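Which chain is which? The protein sequence lines are L and F, in order. So the first sequence is numbered by the UniProt record's numbering: it starts at 1 and just counts up by one. So the second sequence is numbered by the UniProt record's numbering: it starts at 1 and just counts up by one. We treat Cβ as the ideally placed atom computed from N, Cα and C, and that holds for glycine. Every value quoted in this text rests on a predicted model; they were computed, and no experiment measured them. Structure, as structure tokens:
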Amino acid sequence: MLRISASTVRDRWPLFAGALLTVTLGVALVQSSVLVLVSTGEPTIPPGASGRVAEQIREGYVGAATLLGMATPLAMFLAVFIVGSTFAFSVEQRREELALLRMLGGSRPQLIRLLLGEAFLLGLAGSALGILLGMPATWIQARLLIGIGLLPGDFSARWSNGMLLLSPAVGIGVAVLGVLSASYRAARVRPLDALRSAPRATRVMTLGRWLWGVSSLVLTVMLVVAGHGADLLGALLVAMAIPVFGSIALSALSPLAVPLVGRLLGTVLRTSALGELAQANLRDAVRRSASTAAPVIVLVGLLVGLTGALNSLARAASADLERSTAADLVVTSTGAAAARIPQIPGVALASPQSQVEMSVTAQHRVDHRSYRQTHHWGITAVDAAAYRRTHRLTLRSGSLDALHGRTVAIGPRLAAEGVRDGTVTARIGPHKLKLRIVARLPEVLENGSDNFLVPRDLMPTAMLADAPTETLVQLTPGTSPQAVADRIRAAGIGEVRTLGQWADARVETQQRGTMGIMAVLMGMSGLYAAIAVINAVVIAAAERRTEFAVARATGLSRSQVVRMAVVESAAVTLIGLLLGTLVAAAALASFYPGPGGVHVLSVPWTLLGLLIMASLAVTAVASALTALTATRPSPTALVAARE
Amino acid sequence: MRAPATAGPHAGVPVAPVQLSQVSRRYGAGETQVQALAEVSVTFPAGSWTAVMGPSGSGKSTLLHCAAGLDRVSAGRVLLAGQDITHATDAELTRLRRRTVGFVFQNFNLIGSLSAEQNVALPLRLAGARPSRRDVQTALADVGLADRGRHRPRELSGGQQQRVAIARAMVTRPSVLFADEPTGALDTGSARTVLRLLRRMVDAAGQTVVMVTHDPVAAASADAVVFLSDGRIADHLLRPSAAQVAERLTRLEG
Numbered sequence: 001m002l003r004i005s006a007s008t009v010r011d012r013w014p015l016f017a018g019a020l021l022t023v024t025l026g027v028a029l030v031q032s033s034v035l036v037l038v039s040t041g042e043p044t045i046p047p048g049a050s051g052r053v054a055e056q057i058r059e060g061y062v063g064a065a066t067l068l069g070m071a072t073p074l075a076m077f078l079a080v081f082i083v084g085s086t087f088a089f090s091v092e093q094r095r096e097e098l099a100l101l102r103m104l105g106g107s108r109p110q111l112i113r114l115l116l117g118e119a120f121l122l123g124l125a126g127s128a129l130g131i132l133l134g135m136p137a138t139w140i141q142a143r144l145l146i147g148i149g150l151l152p153g154d155f156s157a158r159w160s161n162g163m164l165l166l167s168p169a170v171g172i173g174v175a176v177l178g179v180l181s182a183s184y185r186a187a188r189v190r191p192l193d194a195l196r197s198a199p200r201a202t203r204v205m206t207l208g209r210w211l212w213g214v215s216s217l218v219l220t221v222m223l224v225v226a227g228h229g230a231d232l233l234g235a236l237l238v239a240m241a242i243p244v245f246g247s248i249a250l251s252a253l254s255p256l257a258v259p260l261v262g263r264l265l266g267t268v269l270r271t272s273a274l275g276e277l278a279q280a281n282l283r284d285a286v287r288r289s290a291s292t293a294a295p296v297i298v299l300v301g302l303l304v305g306l307t308g309a310l311n312s313l314a315r316a317a318s319a320d321l322e323r324s325t326a327a328d329l330v331v332t333s334t335g336a337a338a339a340r341i342p343q344i345p346g347v348a349l350a351s352p353q354s355q356v357e358m359s360v361t362a363q364h365r366v367d368h369r370s371y372r373q374t375h376h377w378g379i380t381a382v383d384a385a386a387y388r389r390t391h392r393l394t395l396r397s398g399s400l401d402a403l404h405g406r407t408v409a410i411g412p413r414l415a416a417e418g419v420r421d422g423t424v425t426a427r428i429g430p431h432k433l434k435l436r437i438v439a440r441l442p443e444v445l446e447n448g449s450d451n452f453l454v455p456r457d458l459m460p461t462a463m464l465a466d467a468p469t470e471t472l473v474q475l476t477p478g479t480s481p482q483a484v485a486d487r488i489r490a491a492g493i494g495e496v497r498t499l500g501q502w503a504d505a506r507v508e509t510q511q512r513g514t515m516g517i518m519a520v521l522m523g524m525s526g527l528y529a530a531i532a533v534i535n536a537v538v539i540a541a542a543e544r545r546t547e548f549a550v551a552r553a554t555g556l557s558r559s560q561v562v563r564m565a566v567v568e569s570a571a572v573t574l575i576g577l578l579l580g581t582l583v584a585a586a587a588l589a590s591f592y593p594g595p596g597g598v599h600v601l602s603v604p605w606t607l608l609g610l611l612i613m614a615s616l617a618v619t620a621v622a623s624a625l626t627a628l629t630a631t632r633p634s635p636t637a638l639v640a641a642r643e
Numbered sequence: 001m002r003a004p005a006t007a008g009p010h011a012g013v014p015v016a017p018v019q020l021s022q023v024s025r026r027y028g029a030g031e032t033q034v035q036a037l038a039e040v041s042v043t044f045p046a047g048s049w050t051a052v053m054g055p056s057g058s059g060k061s062t063l064l065h066c067a068a069g070l071d072r073v074s075a076g077r078v079l080l081a082g083q084d085i086t087h088a089t090d091a092e093l094t095r096l097r098r099r100t101v102g103f104v105f106q107n108f109n110l111i112g113s114l115s116a117e118q119n120v121a122l123p124l125r126l127a128g129a130r131p132s133r134r135d136v137q138t139a140l141a142d143v144g145l146a147d148r149g150r151h152r153p154r155e156l157s158g159g160q161q162q163r164v165a166i167a168r169a170m171v172t173r174p175s176v177l178f179a180d181e182p183t184g185a186l187d188t189g190s191a192r193t194v195l196r197l198l199r200r201m202v203d204a205a206g207q208t209v210v211m212v213t214h215d216p217v218a219a220a221s222a223d224a225v226v227f228l229s230d231g232r233i234a235d236h237l238l239r240p241s242a243a244q245v246a247e248r249l250t251r252l253e254g
């Protein structure tokens, strides 16, 4: 069977080109992610780096690993999905050939083996190319992570020979998984289909397709319901799962939607003869339409859904930050400059928060496991009274009034980390001292909150003066924030922002890494979807040569045939966009502002608009070009030809 | 209605390779239902060549498909090489296709990516056998294409492709060869070569052939002709001339 597989792949490579490219890109991406991941597993801390720098590097590595861990499985899903839909379509195109093998005595298991054999060869070839492509990809990925500040500038991923095992496993795995369902479909091809005269089984909605579509749809609906009452983290998880299952569901069920939407578009299309023909073709070639729509569905569902979820999360964090902070302006400066803010006219209260260089070693206890951990980062020196008046927080325990002298408050970031009561050990410069825990702050949504708060009177004056400081400023009632901001700027103290600007910028910085990875993921999925759509259009064009010729023999000009093909593919793309938007809407449903919580929905309209325009452009150009090629020979030659 | 046993030159062979009794085949349901075959009973005796003729839509292709186990019958019984295949499983039908039946089609249906030799060897390989090159070359030599083994189908003429298809069908030594318009896509010269080839197989090796055709000349090469009309057997002729066949056909169509 493998020999037949090989000769089929060799002879009909255009059918496989799209799938091969998909596997290659998938392997390259996984290989580069894994190489970067492996290299981040053991952070290289430059000798002589301070504890603070080392902790920062470690945190960045963990962040990079988390992002790669999120993006890689999604990219894998896309690759399997695209290979799957390409092969499902190619089985349809090769129906006669597969039926012939059945007619000549091929059994069902043999046909499954044939397709799996093709997948194996495809996976092998894709892996070989992917391993090569993975080398520059690793470099680009590392550069990207360095660019968004997660990894240090001298980071470089090391090659590992394990890739020679892992990459082929991934490539062959993706190809075989993608082909599995198509191979079972191939096994159901009847020997009779080899005969052109035989009545065709035109049922597109097979039992398997129904089962697959409906069960994924049920799962999606269950996820939407579960997401409705979920907290923000739950909503995010739901929003990550729904694009996957929703896309599968609506892609499987899309043959049902095609005629429906076709009728809807019909009112517009029917105004011209060409439009009417396009609409009729749409209805007639449901499977072809479904193959073009599927990648568009998954592209829009995944990208708009995920981006919307992450944006909503960011907006919720920013709103939470704004809500819990009682200030009109935020000034960023050094500690020394911040000391001058209270003297500016119009300032009623200034709460300086300085990032200080010290370390705190605390005893943690989580799930009966005790450990010590030293923190160098996120330690902020505050003025307890001013802090209390500028933050609307309900303490978990204790009181900030006691935050004077050798004391410490556990910050929001460590709220759930099980820091044990009693004392922590602090190191400020050469001095080592014990600090008594007097208060515990509640958890907040933003990622970059403080680990510890220490009283300003604990810190040496010189250290405070140099520390980067954010001062929350409340104004005396009736003063213009603009005027005060101008005065602070005029005094040369530092950068002044309104509370809203500050909160948005702070959350955006924290989300920068996630957005960078999203950008890579978007680029990848966009490329995948484009490959899949072009593939479907090109494969379909071959089978339509005779159809186009008949249309021309009936009196259509060449340009009319091309226009008809473009209108048709634009309509199919619109269907895909519509269904994809539906998936994205389902993914974002749990962020819809509800009665409780700070759920804030943020719909990435710009992205959606870009996707709509890009998909329409790609399908229109691909179908125009293939229709032009297919109509090059004289129509009479094709109409007359039987084969 | 039962067609009289059409006697061929090997009429003494006990088990007829193909027997249909009271076979009906309906497509669709309700108002759009089409009766393609209506209680057809026919026997194709061993070692004989029978042509099945009839106007378009008379059910001749359906008859061939049902006889070969490619299509299920709605009612009645089909015996293929002594085995009742009316309710056979897919695996049983696959086994029959490997050993008992061979097919030749109007549009050749060779696999374009395989050479002539590989095409001929394919049924044996699908059946799990390891065909020797000699077997394959003998099969090709039998159809006069010993020197074309390495050629791909697109490098062969229509007549040559059809002869490769016949070699492929015969390489498993099937009990019965089903041919669906085998000369339909060929010029007169190539058609004559193919018909001569089939005649030789029947006369020399006692091959049973069931052939659907439109062409009275092709039908006249057969031992017997069965005429179908509206899914029923309307007539039959033994050793007819092309003129006789054409005349009967015109009468049926009129």
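In the DSSP secondary-structure assignment, Gln373 (chain L) is bridged to L:Ala362. By the Cβ neighbour-count rule, Gly405 (chain L) is exposed, with fewer than 16 other Cβ atoms within 10 Å of its own.
Straight-line spacing of the CA atoms in Thr606 (chain L) and Gln106 (chain F) works out to 57 Å. Exposure of Asn161 (chain L) is indicated by the presence of fewer than 16 other C-beta atoms within 10 angstroms of its C-beta.
Residues of chain L whose Cβ lies closer than 7 Å to the Cβ of Asp71 (chain F) are, in chain order, Leu192.
The C-beta distance from Val561 (chain L) to Thr631 (chain L) rounds to 5 Å, short enough to fall under 8 Å.
Contact check for Gly84 (chain L) against Asn535 (chain L) fails: the beta carbons are separated by 8 Å or more. Chain L has no Cβ within less than 8 Å of the Cβ of Ala246 (chain F). At a cut-off of 8 Å between beta carbons, Gly105 (chain L) contacts chain F. With a beta-carbon spacing of about 14 Å, Phe178 (chain F) and Val202 (chain F) fall beyond the 8 Å limit used to define contacts. For Glu446 (chain L), there is no enclosing beta strand (DSSP E), as DSSP marks it with neither H nor E. Taking the beta carbon of Asp235 (chain F) as reference, no residue of chain L falls within 7 Å; the closest one sits roughly 23 Å away. Within the same chain, Gly308, Asn311, Ser312 and Arg315 come within 7 Å of Ser602 (chain L) by CB-CB distance, once the 5 residues on both sides are set aside.
By the criterion of at least three beta-carbon pairs nearer than 8 Å, the segment 367 to 383 of chain L is not in contact with the segment 481 to 493 of chain L.
Taking the beta carbon of Asp11 (chain L) as reference, the chain F residues within 7 Å of it are Gly112 and Ser113, listed in sequence order.
Apart from sequence neighbours up to five positions away, the residues of its chain that approach Gln244 (chain F) with a beta-carbon distance below 7 Å are Leu237, ordered along the chain. The segment 28 to 41 of chain L makes no contact with the segment 176 to 189 of chain L, as fewer than three CB pairs between them are under 8 Å.
Note that the C-beta distance between Ala278 (chain L) and Ala571 (chain L) is below 8 Å. Put simply, the CB of Phe227 (chain F) is far from chain L, with every gap to its CB atoms at 8 Å or more.
For the pair Arg173 (chain F) and Arg196 (chain F), the Cα-to-Cα distance works out to about 18 Å.
Beta bridge pairing from DSSP links Val212 (chain F) with F:Val52 and F:Asp180. Out of L:Ser525, L:Ala549 and L:Pro352, the CA that lies nearest to the CA of Val304 (chain L) is found in L:Ser525. When rounded, the separation of the alpha-carbon atoms in Leu299 (chain L) and Glu118 (chain L) is 26 Å.
Under the Cβ criterion (8 Å, minimum of three pairs), the segment 122 to 131 of chain F does not count as touching the segment 207 to 227 of chain L. Contact with chain F is found for Gln110 (chain L), since one of that chain's Cβ atoms lies less than 8 Å from the residue's Cβ. Bounds of the beta strand (DSSP E) holding Ser21 (chain F) are Val18 to Tyr27.
When the alpha-carbon of Ala409 (chain L) is set against those of L:Gly429, L:Ile428 and L:Arg388, the nearest one is in L:Arg388. DSSP places Leu37 (chain F) in the uninterrupted beta strand (DSSP E) bounded by Val34 to Phe44. Beta-carbon to beta-carbon, Asp193 (chain L) and Ala99 (chain L) are separated by about 4 Å, close enough to satisfy the 8 Å threshold. Annotation for Leu453 (chain L): the continuous beta strand (DSSP E) segment containing it runs Phe452 to Pro455. Note that the C-beta distance between Thr390 (chain L) and Ala337 (chain L) is not below 8 Å.
DSSP places Phe89 (chain L) inside the alpha helix (DSSP H), whose first and last residues are Gly51 to Gln93. Of all residues in the segment 72 to 95 of chain F, only Asp90, Ala91, Leu93, Thr94 and Arg95 place a beta-carbon less than 9 Å from a beta-carbon of chain L.
Runs of the alpha helix (DSSP H) lying entirely within the segment 457 to 522 of chain L and spanning at least 4 residues, in chain order: 461 to 466 and 481 to 490.
Pairing Ala185 (chain F) with Gly158 (chain F) gives a Cβ-Cβ distance under 8 Å. Taken in chain order, the members of the segment 17 to 45 of chain F whose beta-carbon sits within less than 9 Å of a beta-carbon on chain L are Tyr27.
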